[in-house]
Amino acid sequence: MDYKELNLIGSSSPHIRTKDGTAHIMAEVLIALVPALAFSVYNFGWYVLTVTLVSMAGCCVFEWLYRTLMKKNNTVGDCSAAVTGALIAFVCPPNIPLWMILIGDFFAIVIVKQLFGGIGKNFLNPALAARAFMLSWASAMSTWVVPGSKLPLLGTVDVVTSATPMSYLHANNLAGLTEVYDLQDMLIGFIGGSLGEVSALLLTIGGVWLIFRKIITWYIPVSYIGTVAVLTFLFPRGNDPMTWMLYNVLGGGLVLGAFFMATDYVTSPVSHKGQVIFGIGCGLITVFIRYFGSYSEGVCYAILVMNLTVWIIDKHTRPSRFGVVKAPKEPKEPKEKKEAGAK
Amino acid sequence: MAQSFFGGIHPNDKKAATNKKPIEKLPPPARVVIPMSMHIGAPCQPCVAVGDMVTVGQRVGEPVAFVSAPVHASVSGKVVAVEPRIHFSGVPVMSVVIENDFNNTICPDIHPPVEKPGEITPEQLVEIVKNAGIVGMGGATFPTHVKISSGLGKVDTVIINASECEPYITSDHRFLLEYPEEVIGGATILARAFGVDRVHIGVEANKQNAAELLRLKIEEAKAPVVVDVLHTRYPQGAEKQLCQSITGRQVPPGALPAAIGCAVFNTVTTAAIYRAVYTGMPVTHRVVTVSGSGVNEPKNLECPIGTPICELLDACGGVKKNTFKILMGGPMMGHSQYDMDAPIGKGTNAILAFCEDEERTVEHPACIRCGKCMSVCPMKLQPVFMYQYERAGMLQELEEAHVMDCMECGACTYICPGRLHLVQTFRAGKQKINNAKAAAKAAAEAAAKAAEAKKEA
Chain A
384 MDYKELNLIG SSSPHIRTKD GTAHIMAEVL IALVPALAFS VYNFGWYVLT
434 VTLVSMAGCC VFEWLYRTLM KKNNTVGDCS AAVTGALIAF VCPPNIPLWM
484 ILIGDFFAIV IVKQLFGGIG KNFLNPALAA RAFMLSWASA MSTWVVPGSK
534 LPLLGTVDVV TSATPMSYLH ANNLAGLTEV YDLQDMLIGF IGGSLGEVSA
584 LLLTIGGVWL IFRKIITWYI PVSYIGTVAV LTFLFPRGND PMTWMLYNVL
634 GGGLVLGAFF MATDYVTSPV SHKGQVIFGI GCGLITVFIR YFGSYSEGVC
684 YAILVMNLTV WIIDKHTRPS RFGVVKAPKE PKEPKEKKEA GAK
Chain B
201 MAQSFFGGIH PNDKKAATNK KPIEKLPPPA RVVIPMSMHI GAPCQPCVAV
251 GDMVTVGQRV GEPVAFVSAP VHASVSGKVV AVEPRIHFSG VPVMSVVIEN
301 DFNNTICPDI HPPVEKPGEI TPEQLVEIVK NAGIVGMGGA TFPTHVKISS
351 GLGKVDTVII NASECEPYIT SDHRFLLEYP EEVIGGATIL ARAFGVDRVH
401 IGVEANKQNA AELLRLKIEE AKAPVVVDVL HTRYPQGAEK QLCQSITGRQ
451 VPPGALPAAI GCAVFNTVTT AAIYRAVYTG MPVTHRVVTV SGSGVNEPKN
501 LECPIGTPIC ELLDACGGVK KNTFKILMGG PMMGHSQYDM DAPIGKGTNA
551 ILAFCEDEER TVEHPACIRC GKCMSVCPMK LQPVFMYQYE RAGMLQELEE
601 AHVMDCMECG ACTYICPGRL HLVQTFRAGK QKINNAKAAA KAAAEAAAKA
651 AEAKKEA
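Protein chains in written order, with our numbering: chain A, 384 to 726; chain B, 201 to 657.
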């Protein structure tokens, strides 16, 4: 056989790669969001599906438009814009007007993501930054429809609004909250709140799926939720720390934030040690805002603030390289120095 | 199960194509091209001339330094050229070309080097290994006599590397199944030389049948050898990682396994030691796996060293028309070949041809900071940042991130969902750092010379 006829290419090793690319990861995240979305449709009506799909489409279109107009390569195919779109929908009230969510999409994709260089370069979580921006429409962003509303596919008319569990907690009204929603409602999600945040159970299932599929690690969700749980248990308002803690963990956007927002690769630390620090920081700020802030929900701002600290966490949590085993402690010498200093 | 090492990946091992196929002898090639450099260290000087008749096992290349290994004829016949020829490294290398007379005459000088092989001294072993031209035959090709002599007195753990963690390759696996006695015999010699009670053979769990056979043969021979079955995970067979898996010790940065009392020998190297000690036969042949999506009939072939790659491919029914890449070595660390006249070397364990895209390169790679590269890095480095430093030309930061510790195993590049060319970038970065250091050194020397000249004037 004449091998000269072959069209051989030369390249540097390695010569094989895993099948799982960025688009695969994003698709897994979308799959993990499906149970919570399905429940949301059941809880609030078909309109939430419209909102989610419009938001996903909006993000993809803005991404495509920006990349095309700027004569850059098209990155819609990596599905990250679709994930951002879904997450924006998840953190908005179920009866949000469509034009408003499109403005949020624009802000997330163009301002937060693309202006900083596109995928992997943004330093804030695009979905949460968009939510923070959309709070400019304070009343629309804090009108919560009652669970069991049957919002039609295309309309938001005549909604009955209610308070979210978080507003009860913020008012220190745990007794009032337990009357309206019991713990089972909180867990399964028969409560008022953002479109995708209500079902702690289904979000956890999605999150565990992501951990199981090795898309995310457990470090951030566990350290984040754990910190909130410990703090609210240790410093309860009222005389029932267990109930107070459970309502705090299951209510608001904590589970959504811990599994799907704080774990965003681009805006969280890369090392496992750093991820634990990041999670604890998110937990601390969340509880701080919930306890002392004028705003009843702390997850969004907690994660955004911690996003800004990622570079410094990364810098100080470098793993020790292979072969550098901690030297056995030198006895005495440092101790003497210390004593001398004390004298 | 033994202990484990940091990181690692689980690529599809693709060994099923050849792991049940017995080793076949390649039909003798009409001519062989024996390069003077098939090892780490100084190239040899040819010691035959055009027109000389040579026999199998006759020395054709003399080492000129300690870190080097002699080269022997692998067929009998006439030397038809002593000139630079294309080499698997991609550049021409001085080679001895022998036309096969198909008589397979064995060199008359070859005889068992010692009367009682069971009682040789370490010094005798070093000499025998050196004369037999034995080098690390797993691919690294470090001269084995140097490894033995530098490890004597320091080593308390001798490890035989039979993990063969790269996908596709089954040459060591088949060798273990067909010549277990030689491997165990070689291990016994090493145990004696280093004065250790037992030698560890590290076998990955995907070669269970080899591990069982070895255990049986060890039992029969009452050899001072134990089989450690290891996780099937790349790069289990990397020297430092294997030491970590078996002993739990970590080789310090920049050091060799001898620093933690370990010496690692490849399966085939061990068998080569056995052959050299018992028969005096130098390294003239080796087993090569020919596989990959582009090969029509994958095989394990035993061939004379110096056989051109094309002969092996021909013996496997040639390659498919749309083959676009041919590798020497495994898919994780092998080198692409473009000239099929390049010869098989002492460290060639596989020839792979690909016609399906498994590299999945994209036009615009993008890092999403997922950190997977960090979690798979067996050296516990941070490829995600090293990549950014290299791309930004921040050589000092790159060096401080310990890029020099990178052994280029490719695990980070394999796992990267953004399809970055990580290892490729680090290779370039290392080169730049070395160049910068060489330039700085040259400048300092020049300055010193100028200062001296000034003084004298």
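Where is the CB? At the ideal position from N, CA and C, for every residue including glycine. All of these numbers come straight from a predicted model, not from anything done at the bench.
- In this structure, Y607 (chain A) sits away from M569 (chain A), with a CB-CB distance that is not shorter than 8 Å.
- For R560 (chain B), the three-state secondary structure derived from DSSP is coil.
- For the region 393-406 of chain A, the set of positions with a beta-carbon nearer than 8 Å to some beta-carbon of chain B reads G393, S394, S395, S396, P397, H398, I399, R400, T401, K402, D403, G404, T405 in chain order.
- Under the Cβ distance rule, R620 (chain A) does not count among the residues neighbouring chain B, no pair being separated by less than 8 Å.
- C-alpha of A465 (chain A) to C-alpha of F585 (chain B): approximately 27 Å in a straight line.
- Taking one beta carbon from each stretch, the region 649-656 of chain B and the region 415-433 of chain A have fewer than 3 pairs nearer than 8 Å; the two do not touch.
- By the C-beta density criterion, G621 (chain A) is exposed, having fewer than 16 other C-beta atoms within 10 angstroms.
- Chain order gives the chain B residues near L391 (chain A) as F524, K525, I526, Y538, where near means a beta carbon separation below 7 Å.
- Unbroken beta strand (DSSP E) runs of no fewer than 3 residues, entirely contained in the region 260-344 of chain B, are found at 277-286, 292-300, following chain order.
- The three-state secondary structure of C573 (chain B), taken from DSSP, is helix.
- Contact with chain A is absent for F342 (chain B), since none of that chain's Cβ atoms lies less than 8 Å from the residue's Cβ.
- The count of Cβ pairs closer than 8 Å, one atom from the region 424-434 of chain B and one from the region 396-407 of chain B, reaches three, so the stretches are in contact.
- When C-beta atoms of the region 585-592 of chain A are compared with those of the region 652-661 of chain A, fewer than three pairs fall below 8 Å, so the two segments do not count as touching.
- By the Cβ criterion, the region 571-588 of chain B is in contact with the region 604-611 of chain B, since at least three pairs of Cβ atoms, one from each stretch, lie closer than 8 Å.
- The beta-carbon of V542 (chain A) is placed no less than 8 Å from the nearest beta-carbon of chain B.
- Listed along chain A, no residue sits closer than 8 Å to M586 (chain B) by beta-carbon distance, the nearest being about 11 Å off.
- The beta-bridge partner set that DSSP reports for L552 (chain B) consists of B:S491, B:L527.
- Sequence-ordered contacts of the region 561-589 of chain B with chain A read T561, V562, E563, H564, A566, C567, I568, R569, C570, G571, K572, C573, M574, S575, C577, P578, M579, K580, L581, Q582, V584, F585 [C-beta pairs closer than 9 Å].
- Taking a Cβ-Cβ threshold of 8 Å, the residues of chain B close to P702 (chain A) are M574, K580, Q582, in chain order.
- Here the C-alpha atom of H239 (chain B) lies approximately 50 Å from the C-alpha atom of G662 (chain A).
- A straight line joining the alpha-carbon of A643 (chain B) with that of R619 (chain B) spans about 39 Å.
- DSSP lists B:I209 as the beta-bridge partner residues of Y434 (chain B).
- When C-beta atoms of the region 685-694 of chain A are compared with those of the region 204-219 of chain B, fewer than three pairs fall below 8 Å, so the two segments do not count as touching.
- Contact of V451 (chain B) with chain A is assigned, a C-beta pair being separated by under 8 Å.
- Three or more Cβ pairs closer than 8 Å define a contact, and the region 535-545 of chain B falls short of that threshold against the region 313-333 of chain B.
- Taking a beta-carbon distance threshold of 8 Å, M625 (chain A) does not count as an interface residue toward chain B.
- For the region 371-457 of chain B, the full-length beta strand (DSSP E) segments reaching 3 residues or more read 399-404, 425-430 along the chain.
- For the region 588-607 of chain A, no residue has a beta-carbon sitting nearer than 7 Å to a beta-carbon of chain B.
- With respect to the 8 Å criterion, G579 (chain A) and A415 (chain A) are not classified as neighbours on the basis of their beta carbons.
- At least 8 Å separates the beta-carbon of V649 (chain A) from that of R449 (chain B).
- Not one beta carbon of chain A lies nearer than 8 Å to the beta carbon of R591 (chain B).
- Contact between A423 (chain B) and A387 (chain B) holds: their C-beta atoms lie close to 7 Å from each other, under 8 Å.
- Residue burial is scored here from C-beta neighbours: Q582 (chain B) has at least 16 other C-beta atoms within 10 angstroms and is therefore classed as buried.
- With its beta carbon less than 8 Å from one in chain B, I408 (chain A) belongs to the interface.
- Counting the other Cβ atoms within 10 Å of the Cβ of R701 (chain A) gives 16 or more, which makes it buried.
- Contact between P476 (chain A) and S577 (chain A) holds: CB atoms are separated by about 6 Å, below the 8 Å threshold.
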